[in-house]
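In my numbering, the protein residues as written are 200 to 943.
From the three backbone atoms N, C-alpha and C, an ideal C-beta is built for every residue, glycine too.
In C-alpha cells, the structure reads:
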C-alpha cells in the first residue's frame, strides 16, 4: 500500500557531510590516517588514532568495525561531543535508530550548539519512521538558528512522512469498513494523491464508506500535513533556491501528485548533492522520470550511476534490476542477480530477479521454483504477482489464483495483480469474474488500456455463452466494441498509452486470433497513434478473417501506397474470388485497378455499389470513375444516393455537376466558380475537377488567394510540380503571409 499512496517514497536515511575534514580532500584524510597508523605502531593508540581507524572503516562501508573504533575513542575521551556524533553515524548506518538517538542527545547535552548533532537527530527520527518526533525535532532545529533553509527542508520531509503514515493507516482502516458504497474508488483516489476527491467520497449524502465521519479526521490531518510540507519546502527554496535536498524533495512531492518535474533540475541536484544518500535519491528520481518518458537507455544510465555510488546497497541494486527488466535489459538484470548471490548464497532477491527473467524468456517451468523462493521477502507483493503469472503460464490457474490474492492482500491497489485476477478468471472459464476484475481496474485507473481490453475480452467470453443471433450475444459484442473504442480514443489523446494497449491486444489475439472486433481495434490503435505503415499487417489479418468489414477498404488503400501494383492487384483479385459477396473486396479491387485497368475498376466499383452503396469507398470510386468516363450526371446520382456523404457536400457536387452539364464552366461568375472549386477540393478525390474550377475562378479574379491555394494543392495531388510551384508563387505574391517562415 505504501508504494501506491501519494507520498511517493518511504523514509530515507540522510547523514550530512562530515565537517571533520574541513573541506579538505581525500588526500589529506589519508595522510592523517597514515600518520595515526604510524603513531599506533610505536605504542598505545590515542582517541584520535581510534577515530582515524574508524573513519577509514566507515569510508569502506565496514560500519561494525567503525563503530568499534569510535566506541574505543569515546572511552578514552568521554567528554568529546564530536566522537559521540561519529558513534551515532555508525549506529544509523547499522539501522540502530533508538541507540543512535540516545548518543545524539548525549552529544547535544555536552555541546548544545552542535548543528551536526541536531541535523542527525532529525534524520534518525525520519529513518526510524517516528514522524511525530521528527516534526518536533525539525521545528526545534528551525527555531535554533543555523541553516534555516535546510531546517525547513527537514521539517517538510518530516511532515510529508507523517502525512504518508496517516494515509497508510487511513487506507488500512478503510479496508476494514466496506460499507454500501464503493471503497475501491476511495482507495484509488488516495493512491493517486487526490485527497480532495477522496474527502468528497466521505461526505453525505452518499458516503463511499460506512461510518465515514470517523475517517474524516485522519484524512484532514493528512491534508494539513501535506499543505504544511509544501509550504515548508517552498520557504526553504525561497531562502536558498539551489539547495539540492529541497529541490529533490519538491520533485518527489510533485511526482507523487502527478505533476511535471523538470529533468534538468534533478540532474543538477544529483550532480551537486554532496551527500551519497541524497544523490541516490536524486538519481532514482531521474531514472523514474526517464523511464516514464520512454527513454530506456537514459533511465538505465541513471540507475548505473546510482549503483556506482553504493555498490553494496541491496535496495539500490534491486531498483536497478527491476528497471532493467522493465526496459528490456534482461542480461543486465541477471548481472544484478549474480551480485545478490555473491553477497548471500540463497538470496531471495536473486531468486526474484532470475525468476522474472526466466518468465520473460518464456520458460515458466524454471521460473516457478525461483519465484516460490522469492515470496519469502517480507511485505513485498511483487514476488507473489510474478509467481501467479508463472503458474498461469505453466497451466496451473488454481495455484495462480492463490498467489494473486496474496499479492492483493499486501497491496489492494496493485493494478497488475487485479489484471492477473481477470486473466485467471478467463482461463478458469469465469467471464463474470473477469468482468468484475476489469471494472475494479477501471475504478482505480479509468484510463487503463489493459483494463479496457480485459473488459472487452470478458464481454466476448460472455457472448460465446449466448446462442448465435440472440440479442444477448449482440449486446455483449457491442459492449466489447465500446470498450475497445475507448482504447482508440485514449491512443488518440495520449500517444504514450500505445505500448500497453498494443501488448494487451496482442495477448487477447493470442487466444482469439481471428476475432474481427479485436483485429479492428488493433488497426484503429495503429491509426490513432499515427502509425499507418505498421497497420498493414493487422489490416491483412482483419481482411483475411472478415473480408466484408469496411476496414478491408483501408487495406486496399495501404496496399496501393505500400505494395507494388502487381501485388496489390493480385491480392485484390484473390479476395474477390474467395468472397464474391463482400462489398469491401470489390471496393479494394476497384481501388487498386483504377490506374492500371480502368475498365476492371469501373466494373468492380459498380459491383461494390450494387452490394452496398452505403459503404464509403465504393460510392466514391463509382462517382470518380463515372466522372472520368464523362458521365457527370451519373456521378451526381451516386453522390446523392450515398448516405455517408454530408448533405452540404452532396448539394455542392450536384450544383457543380449541373453547372458542368449546362456548359457554364467557362462562363460562371468568380465567386460561383470558387465555391465549386472548394466543394471538389473538400471531397478530396477529384483534384482535376477542383483545379478546373479554380482556374475558372482565377480567369475572372487573378488575385483570388483561395482559388490559388486550391490550384496549388490540386496540382500537387496530380504530380504537376512545376504547375504547383507557379501557383504557389502567385499565391505568395498576392498574400505574403501565406509563406511559411524559412521555407518557399
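Closest by C-alpha distance to residue i, when choosing among the options
{"i": "residue 341", "options": "332, 621, 353", "result": "353"}
{"i": "residue 685", "options": "724, 452, 384", "result": "724"}
{"i": "residue 381", "options": "270, 640, 424", "result": "640"}
{"i": "residue 768", "options": "412, 468, 790", "result": "790"}
{"i": "residue 612", "options": "383, 279, 335, 506", "result": "383"}
{"i": "residue 543", "options": "614, 513, 562", "result": "513"}
{"i": "residue 470", "options": "371, 565, 442, 799", "result": "442"}
{"i": "residue 414", "options": "401, 424, 278, 405", "result": "401"}
{"i": "residue 970", "options": "607, 872, 600", "result": "Absent from the structure is residue 970, since the part of the chain shown begins at 200 and ends at 943."}
{"i": "residue 891", "options": "618, 921, 877", "result": "877"}
{"i": "residue 656", "options": "317, 707, 925, 279", "result": "707"}
{"i": "residue 493", "options": "699, 250, 650, 665", "result": "699"}
{"i": "residue 425", "options": "691, 455, 669", "result": "455"}
{"i": "residue 479", "options": "487, 505, 486", "result": "505"}
{"i": "residue 355", "options": "336, 368, 373, 372", "result": "336"}
{"i": "residue 644", "options": "288, 626, 615, 776", "result": "615"}
{"i": "residue 508", "options": "775, 642, 260, 804", "result": "260"}
{"i": "residue 373", "options": "668, 418, 500, 577", "result": "418"}
{"i": "residue 291", "options": "450, 257, 246", "result": "257"}
{"i": "residue 440", "options": "501, 319, 349, 394", "result": "349"}
{"i": "residue 578", "options": "597, 560, 610", "result": "610"}
Extent of the continuous alpha helix (DSSP H) to which residue i belongs
{"i": "residue 553", "result": "547–559"}
{"i": "residue 391", "result": "Counting along the chain, residue 391 falls outside any alpha helix (DSSP H), and DSSP gives it neither H nor E."}
{"i": "residue 610", "result": "Taken as a continuous stretch (DSSP letters only), residue 610 belongs to no alpha helix (DSSP H), as it is neither H nor E."}
{"i": "residue 253", "result": "246–258"}
{"i": "residue 909", "result": "904–916"}
{"i": "residue 889", "result": "886–899"}
{"i": "residue 631", "result": "630–643"}
{"i": "residue 434", "result": "415–438"}
{"i": "residue 267", "result": "262–275"}
{"i": "residue 793", "result": "Looking at the DSSP string, residue 793 is not in any alpha helix (DSSP H), and its letter there is neither H nor E."}
{"i": "residue 323", "result": "314–327"}
{"i": "residue 514", "result": "513–525"}
{"i": "residue 497", "result": "495–508"}
{"i": "residue 663", "result": "648–664"}
CB-CB length for residue i against residue j, believed under 8 Å
{"i": "residue 793", "j": "residue 800", "result": "4 Å"}
{"i": "residue 672", "j": "residue 660", "result": "Between residue 660 and residue 672 the Cβ distance is about 12 Å, and since that is not below 8 Å, they are no contact."}
{"i": "residue 460", "j": "residue 448", "result": "That belief does not hold up - the Cβ atoms of residue 460 and residue 448 are roughly 12 Å apart, past 8 Å."}
{"i": "residue 571", "j": "residue 552", "result": "Actually they are not in contact, since the Cβ atoms of residue 571 and residue 552 sit about 14 Å apart, beyond 8 Å."}
{"i": "residue 296", "j": "residue 326", "result": "6 Å"}
{"i": "residue 397", "j": "residue 360", "result": "Actually they are not in contact, since the Cβ atoms of residue 397 and residue 360 sit about 19 Å apart, beyond 8 Å."}
{"i": "residue 608", "j": "residue 573", "result": "Contact flag wrong, Cβ pair sits at about 17 Å."}
{"i": "residue 648", "j": "residue 617", "result": "Wrong, their Cβ atoms sit about 14 Å apart, outside the cutoff."}
{"i": "residue 184", "j": "residue 421", "result": "In the structure displayed, the chain extends from 200 to 943; residue 184 sits before or after that span and is not available."}
{"i": "residue 718", "j": "residue 740", "result": "5 Å"}
{"i": "residue 289", "j": "residue 282", "result": "Between residue 282 and residue 289 the Cβ distance is about 11 Å, and since that is not below 8 Å, they are no contact."}
{"i": "residue 185", "j": "residue 704", "result": "Given a span of 200 to 943 for the chain in the structure shown, any question on residue 185 remains unanswerable."}
{"i": "residue 488", "j": "residue 462", "result": "5 Å"}
Cβ neighbours of residue i in the same chain (closer than 6 Å, five flanking residues each side left out)
{"i": "residue 677", "result": "none"}
{"i": "residue 845", "result": "The predicted model places residue 845 with a pLDDT of 47, which falls under 50 and marks its position as unreliable, so this point remains unresolved."}
{"i": "residue 285", "result": "269"}
{"i": "residue 566", "result": "554, 557, 558, 589"}
{"i": "residue 806", "result": "785"}
{"i": "residue 316", "result": "284, 303, 306, 307"}
{"i": "residue 434", "result": "351"}
{"i": "residue 583", "result": "574, 602, 605, 606"}
{"i": "residue 909", "result": "876, 880, 889, 893"}
Cβ shell of residue i (< 7 Å), same chain only, five flanking positions each side left out
{"i": "residue 517", "result": "548"}
{"i": "residue 587", "result": "599, 602, 603, 606, 619"}
{"i": "residue 563", "result": "589, 592, 593"}
{"i": "residue 923", "result": "911, 914, 915"}
Close Cβ partners of residue i (< 8 Å) along its chain, the five nearest in sequence each way excluded
{"i": "residue 646", "result": "689, 693, 696"}
{"i": "residue 716", "result": "655, 659, 676, 679, 680, 683"}
{"i": "residue 490", "result": "498, 522, 525, 526"}
{"i": "residue 214", "result": "Bear in mind that the predicted position of residue 214 carries a pLDDT of just 41, short of 50, making it too unreliable to give a figure here."}
{"i": "residue 453", "result": "459, 460"}
Distance cut-off 7 Å: residue i Cβ against heavy atoms of the ligand GTP
{"i": "residue 469", "result": "The ligand GTP is absent from the structure shown, which contains no ligand whatsoever."}
Just to confirm the assignment: which complete beta strand (DSSP E) runs, minimum length 3, are found wholly within the stretch 559–590?
Whole beta strand (DSSP E) segments, 3+ residues: zero.
What are the start and end residues of each continuous alpha helix (DSSP H) run of 4 or more residues lying completely inside the stretch 448–481, in chain order?
Runs of the alpha helix (DSSP H) inside the stretch 448–481: 462–470.
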